[in-house]
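In this note's numbering, each number is its position in the sequence shown, counted from 1, plus 781. Take a look at the structure below.
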Amino acid sequence: MTRTNDLPFVLRAVDLLAEGGQSAWVFGGWAEELRGLVAPGPHRDLDLLYPAPNFERLDSFFLAERLDEVGDDRSYARAFRLEGVTIELLLVRRDVEGWFTDFRGGRHRWPPDVFGRATRPPVASANALVGYRTSYVSLHARRAA
């Protein structure tokens with residue numbers, strides 16, 4: 782049964798991950814809407830930031846929960862379906878210089894406040910959203926090729 786990708790769905794998705802010991806922050810279109818950067822509108826998916834050194838714990842969680850994982854060969858992302866909606870998690874790692882994600886098109890450095898203040902649901906900072914949007918084309922240029 783496909784449900785509407787609405788705010789209660791976003792909360793269910795984030796809560797499901799949190800109950801399984803997985804931290805995730807709302808990102809992408811939903812985060813832009815929740816931060817007031819774009820007008821409310823329909824959403825076809827849900828993007829989340831996943832702060833971790835790798836996807837080992839998340840992959841184990843997918844297996845344990847028998848989630849409908851979407852095939853994904855990208856080292857920086859994992860995706861699964863919940864209630865018919867695709868949820869994509871971007872891996873955000875940390876080194877001595879701060880938070881980063883290695884995309885095929887290069888390394889994206891996140892601002893120090895990427896994970897923002899505590900909110901429900903947790904939402905990426907406005908700085909992170911604007912910075913990513915600005916660099917999106919260069920980071921994903923090879924993906925289209």
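Ideal placement from N, C-alpha and C gives every residue a C-beta, glycine not left out.
Ranking His824, Arg838, Gly865 by CA distance to the CA of Ala799 puts Arg838 first.
A direct Cα-Cα distance of roughly 23 Å separates Val918 from Gly822. C-alpha of Val873 to C-alpha of Thr867: approximately 19 Å in a straight line.
Under the Cβ criterion (8 Å, minimum of three pairs), the stretch 800-814 counts as touching the stretch 823-830. In its chain, beyond the 5 residues on either side, Ser906, Asn908, Ala909 have a beta carbon closer than 8 Å to the beta carbon of Asp894. Annotation: the continuous beta strand (DSSP E) that includes Phe884 extends over 879-884. Between Ala845 and Ser804, the C-beta spacing is not below 9 Å. When DSSP states are grouped into helix, strand and coil, Ala799 belongs to the helix group. Cβ-Cβ distances below 6 Å link Phe896 to Trp806 in the same chain, with the five nearest sequence neighbours on each side left out; the list follows chain order. Rounded to the nearest angstrom, the Cβ distance from Leu870 to Tyr831 is 4 Å, consistent with a contact under 8 Å.
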